[in-house]
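Student: Take any residue in the sequence shown, note its place counting from 1, add 1, and you have its number in the numbering used here. We put the CB at the ideal spot given by N, CA and C, even for glycine. Before I ask anything, here is the structure I am working with.
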Amino acid sequence: MSRGRFLAVLGGGLTLGSRAFGEAPVARDADRIKIGCQSYTFRLFSIHEAIEKTAAAGGNCIELCLGQKLSPQDGASFDPGMSKEQIAALGNHLAKHGIKTMGFYADIPADEAGARRIFEFAKKIGAESISTESVGDLDAIEKMVKEFDIRLGFHNHAKNPGDANYKLWEPEYVRDLVKDRDPRIGSCADLGHWATSGLNPLASLKTLEGRVVNLHIKDRSAIGKETTDEILGRGVVDIPAVLRELKRQEFGGCLYIEYETNWEDSVPDVKQSIAFVRKTAVASR
2 MSRGRFLAVL
12 GGGLTLGSRA
22 FGEAPVARDA
32 DRIKIGCQSY
42 TFRLFSIHEA
52 IEKTAAAGGN
62 CIELCLGQKL
72 SPQDGASFDP
82 GMSKEQIAAL
92 GNHLAKHGIK
102 TMGFYADIPA
112 DEAGARRIFE
122 FAKKIGAESI
132 STESVGDLDA
142 IEKMVKEFDI
152 RLGFHNHAKN
162 PGDANYKLWE
172 PEYVRDLVKD
182 RDPRIGSCAD
192 LGHWATSGLN
202 PLASLKTLEG
212 RVVNLHIKDR
222 SAIGKETTDE
232 ILGRGVVDIP
242 AVLRELKRQE
252 FGGCLYIEYE
262 TNWEDSVPDV
272 KQSIAFVRKT
282 AVASR
């Protein structure tokens, strides 16, 4: 694959030219990679502030978290109950800071009417994907994915020894869960939680080949135990190998930094992580 094709694939064709809900053009090869933050990184702040911090860290996209406070001035939450005016204000704030909202994380009700409300909201804000851990009604979810043409990724938290029913931590389970479903249904792969679970993140990505919708890209100081997040490239997760594997798979989703440490002042750390990914990806020509 050529360098240009890699940037187009790993960046999902990130020329950001369609200008949909917060899209903005970018100028350099490195900036064409779709990388930003999961707004939970800035959970102590509002959605509007998370957008500002993502831009300050050098990101160009964001995955929002349902239920997070909307803005310092507006006590409402980011959720399907937002008014047209609130949605418009969100879009304007995204555009102002050169950030596109590619999707959001949400619980999806286990009934078609409830699922439809989530997908209708996604369409309203221009989301391309939804991340969830809701597996209650896969038939209803698949129906919505087809109707709204919105991708869905099952997110993994770490293995929970106290909950034998929680299986999303295991990539083989997710692979088998989605293999006979619409190809737009797959994994929101969280590298950090795989590491905590004692799994090799690179091998886990290979298990889910063709079904990785987007990525919560993390580094950790150890495999097999719970540790805090590290700046990318400083821990034990082989981030360059992960990027090469995504290139091989022709991954077209987003790389979301979900940095769950240094909560009050994480922008400098996130900025270093984003710069590391861009430098590493562009070098893989």
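By DSSP's criteria, Gln-273 is part of a beta bridge. Which residues make up the other side?
Tutor: Gln-273 is not bridged to any residue.
Student: For Arg-4 and Gly-163, what's the separation of their Cα atoms in angstroms?
Tutor: Per-residue confidence for Arg-4 stands at a pLDDT of 44, beneath the threshold of 50, marking its modelled position as unreliable; no derived number is given.
Student: Whole angstroms are fine: how far does the CA of Phe-277 sit from the CA of Gly-234?
Tutor: 7 Å
Student: Would you identify the three-state DSSP class for Gln-39, choosing helix, strand or coil?
Tutor: strand
Student: Thr-55: buried (16+ other C-beta within 10 angstroms of its C-beta) or exposed?
Tutor: buried
Student: With respect to the beta strand (DSSP E) encompassing Asn-215, which residues constitute its N-terminal and C-terminal limits?
Tutor: 213-218
Student: DSSP puts Asp-230 in a beta bridge; with which residues?
Tutor: Asp-230 is bridged to Arg-221.
Student: Relative to the C-alpha of Ile-224, which residue among Gly-137, Leu-244, Met-145 and His-194 is closest?
Tutor: Comparing Cα-Cα distances from Ile-224 to each of Gly-137, Leu-244, Met-145 and His-194, the minimum goes to His-194.
Student: Beta-carbon separation of Pro-81 and Arg-118 under 8 Å?
Tutor: Closer than 8 Å, so yes.
Student: I need the straight-line Cα distance from Glu-129 to Leu-247, nearest angstrom please.
Tutor: 19 Å
Student: Rounding to the nearest angstrom, what Cα-Cα distance links Ala-25 and Ala-165 in this structure?
Tutor: For Ala-25, the predicted model reports a pLDDT of 47, less than 50, meaning its position is unreliable and no value from the coordinates is stated.
Student: Beta strand (DSSP E) containing Asp-191: first to last residue?
Tutor: 186-191
Student: Could you check if Asp-230 is buried or exposed, using at least 16 other CB atoms within 10 Å of its CB as the buried criterion?
Tutor: buried
Student: Between the Cα of Ile-232 and the Cα atoms of Glu-261, Leu-206, Gly-253 and Arg-212, which residue gives the shortest distance?
Tutor: Glu-261
Student: Taking C-beta to C-beta, are Pro-73 and Glu-50 nearer than 8 Å?
Tutor: yes
Student: Going by Cα to Cα distance, which pick from Cys-66, Arg-249 and Pro-241 is closest to Ala-284?
Tutor: When only C-alpha atoms are compared, the closest one is Pro-241.
Student: For Pro-269, is the classification buried or exposed, using 16 other Cβ atoms within 10 angstroms of its Cβ as the cut-off for buried?
Tutor: By the 10 Å Cβ count, Pro-269 comes out exposed.
Student: Measure the beta-carbon distance from Val-214 to Leu-256 and round it to whole angstroms, keeping in mind my assumption that it falls under 8 Å.
Tutor: So it is not a contact: roughly 12 Å between Cβ atoms.
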